[in-house]
Ligand SMILES: [Zn+2]
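Numbering (our numbering), first residue to last: 263 to 486.
Here's what the structure looks like:
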């Protein structure tokens, strides 16, 4: 009798753990518990740990491919080792007179679902069946700026352009633009990141596989 009750209780619990795309995501309670065992999994606020970074979080505005405001707060969170690697890259750029502008960092999983349902091509939008590396707190969309003027260095396309010119291997005729793009990629790759083959601005932290896909809102992160 007891076993039957237990089974009945367990079935809905298992069903709830997976979403409609069959992916298991980590919520706030599991994330908090994981920090006790692996504190390096902490999501840190880049505005606090690297205050010189410029944040222009596109999904907190309507200036993104959806034309809609996706995030309620303009925040850039990444896992602790990702922040450390980015700070190293930032120091390299600083020596050249350049700074970093971040367009997007950790992205709650529900935003990835929204993107996919809006735009089914998974070349530029992550599949909700696997989740995005942004959902793991291990990806950054970014560019470099001139520290004197604060202006972005010219790049082959704007951020979030679904265009083959955005591919890091694209042939770019303007030598200055090509040099800027290649410099961004070279410095980031020296510091533990890999550029995404379809977007010059997207960098995955090389240890991303060790971090779970999370579905925690910025508000939840900041009030708990
Ligand atoms: Zn990205």
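No residue lacks a Cβ here, since even glycine has one placed at the ideal position from N, Cα and C.
May I ask which residues mark the beginning and end of the beta strand (DSSP E) holding residue i?
i: residue 456; result: 455 to 458
i: residue 461; result: 461 to 467
May I ask which residues mark the beginning and end of the alpha helix (DSSP H) holding residue i?
i: residue 442; result: 437 to 452
i: residue 480; result: 480 to 485
Pick from the options: whose alpha carbon is nearest that of residue i?
i: residue 315; options: 423, 419, 288, 406; result: 406
i: residue 481; options: 344, 290, 413; result: 290
i: residue 302; options: 415, 469, 443, 325; result: 469
i: residue 445; options: 483, 354, 395, 326; result: 354
i: residue 339; options: 325, 318, 358, 356; result: 318
i: residue 424; options: 433, 395, 387; result: 387
i: residue 283; options: 457, 293, 357, 376; result: 376
Report yes if the C-beta distance between residue i and residue j is below 8 angstroms; otherwise report no.
i: residue 367; j: residue 409; result: no
i: residue 398; j: residue 306; result: no
i: residue 322; j: residue 308; result: no
i: residue 350; j: residue 304; result: no
i: residue 374; j: residue 393; result: yes
i: residue 460; j: residue 385; result: yes
i: residue 287; j: residue 371; result: yes
Under 8 angstroms by Cβ, that's how I've got residue i and residue j pegged, so tell me the actual separation to the nearest angstrom.
i: residue 365; j: residue 463; result: 7 angstroms
i: residue 320; j: residue 466; result: Actually they do not touch by this definition, with Cβ atoms about 18 angstroms apart.
i: residue 311; j: residue 347; result: Not a contact, Cβ separation roughly 12 angstroms.
i: residue 420; j: residue 442; result: That pair is no contact at about 13 angstroms.
Could you tell me whether the Cβ of residue i comes closer than 8 angstroms to any Cβ of chain C?
i: residue 312; result: As a matter of chain content, chain C is missing from the structure shown, which is built from one protein chain.
Next item on the list: Please go through the region 351 to 401 and give each complete beta strand (DSSP E) segment of 3 or more residues, from N-terminal end onward.
Entry: 360 to 366
Check: Considering only residues of the region 275 to 346, which uninterrupted beta strand (DSSP E) runs meet the minimum length of 3 residues and lie entirely inside it, listed in chain order?
Finding: 305 to 307, 339 to 341
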